[in-house]
Each structure stands twice: as C-alpha cells, then as structure tokens.
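Taking UniProt numbering, I'd label the letters of the sequence shown as residues 1 to 133.
Beta carbons: idealized from backbone N, C-alpha and C, even for Gly.
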Amino acid sequence: MSTFLLEIVTPERKVYAQDVDMVSVKGIEGEFGILPNHIPFVTPLQIAPVVIKKDRQEEYIAVNGGFVEVRKDKVVILAESAERQTDIDLDRAMAAKNRAEQRLKAKQDEFDFRRAELSMQRAMNRINVKKHR
Ligand code: ATP
C-alpha cells in the first residue's frame, strides 16, 4: 500500500514525522481525509483530534488549530501546540478546563470570553484524545 510522509510541527518541536496510510483532519468546513498523491493545498484547522492511520492502527493527536499543508512530497500540519496521547497530562487538561469554565461564567469583555472559549476547546480536545481508546 502506498504511504506518504506526515509531519506535525509546533514552534517548539516536531511532534510527529512518519510514513502513514491516511490522515484525517478537521478543517473549518468539517472533517476530511488525505490519502497519498492528494493535490497540493493549504487550509486552516479547527482545534480537534487528528486521526492517523498507519499499519492498520489508528493514532489520535490533539492538534490545537493551525494549518494543514499538502505538498507534493509530504503533508505538514503546523500548529501552535499538538500532543500525542501519551504526552497529554490529563490532570493539567482538567485544571485548564475548570479555569476556563470559571472564566466563561465571570462577567468580562468579548476578547477575554473568546480566549476562555479557545482555552476550553484546547482542554476538551486534550481530554478527548487522552480518553480515546
Ligand atoms: P495550560 O493552561 O494548561 O498551559 P494551554 O491550552 O494554555 O494549557 P498551550 O498554550 O496550548 O496550553 O500549550 C503550551 C505548551 O504546553 C505546549 O507545549 C503544549 O503542548 C503543552 N501542554 C498544554 N497542556 C498540556 C497537557 N494537558 N498535557 C501536555 N502538554 C500540554
């Protein structure tokens, strides 16, 4: 079966770089899968799990926004942060979720509300990926 190189990169580190069979991502207009030899394009991503299929196994990665770029030679996901399931600290994500909840309840301006919403989405994404089997 043909494969392609998938890289997941953040400003801090390379989170993932392997040959895979397929990757499924959540773009602004919804989920879609990328197979080998896809035509080149770039599109923004939502805060959502990226699902990788490789050797009949699935891996979930918490990707927190960013972009996917399909190139001729590889697919690159560039995000502010991204964590593999084993790297996610569940307690930290739960604490971040609780903080975000408090901030969403508090009276505040639109900017802080939006920040709290994004923080909540990142925390939920990490919790969902960590708990996925
Ligand atoms: P927190 O409030 O817990 O810092 P955050 O959503 O503000 O969460 P980010 O700014 O998205 O955190 O990420 C900062 C760094 O911390 C990144 O390197 C990210 O991978 C890492 N990180 C954040 N939360 C977790 C977590 N629950 N488990 C593992 N790494 C995490």
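* Mind checking whether Ile-61 and Val-70 have CB atoms under 8 Å apart? -> no
* Contact between the stretch 75–83 and the stretch 10–21 (3+ Cβ pairs under 8 Å) -> yes
* Buried or exposed (CB count within 10 angstroms, at least 16 for buried), Glu-83 -> Looking at its Cβ environment, which holds 16 or more other Cβ atoms inside 10 Å, Glu-83 is buried.
* **Through-space distance from Val-23 to Glu-58, alpha-carbon basis** => The C-alpha of Glu-58 lies about 9 Å from the C-alpha of Val-23.
* State buried or exposed for Val-25, treating a residue as buried only when at least 16 other CB atoms are found within 10 Å of its CB. => Buried, because 16 or more other Cβ atoms sit within 10 Å of the Cβ of Val-25.
* Following the continuous beta strand (DSSP E) through Glu-58, name the residue where it begins and the one where it ends. => First-last of the beta strand (DSSP E) with Glu-58: 57–64.
* Inter-residue spacing [alpha-carbon to alpha-carbon] between Asp-55 and Asp-21 -> 7 Å
* To do: Please look up how many angstroms separate the CB atoms of Leu-45 and Gly-27, rounded, as I've assumed it's under 8 Å.
  => 6 Å
* Mind checking whether Met-124 and Leu-104 have CB atoms under 8 Å apart? -> At least 8 Å separates the beta-carbon of Met-124 from that of Leu-104.
* Give a single yes or no on whether Ile-88 has its beta carbon closer than 7 Å to a heavy atom of ligand 1. => With a threshold of 7 Å, the Cβ atom of Ile-88 counts as near ligand 1, since some heavy atom of the ligand is closer than that.
* To do: Check whether the Cβ of Ala-116 sits closer than 7 Å to any heavy atom of ligand 1, and report yes or no.
  => no
* To do: Kindly say whether Tyr-60, judged by its beta-carbon, lies nearer than 8 Å to any beta-carbon of chain B.
  => Here chain B cannot be found, since the structure has a single protein chain.
* Quick one: what's got a C-beta closer than 7 Å to Ile-88's C-beta in the same chain, skipping five residues either side? -> Ala-62, Arg-126, Val-129 and Lys-130
* Asked: By a C-beta neighbour count over all protein chains shown, 10 Å radius and 16 as the cutoff for buried, is Val-68 buried or exposed?
  -> buried
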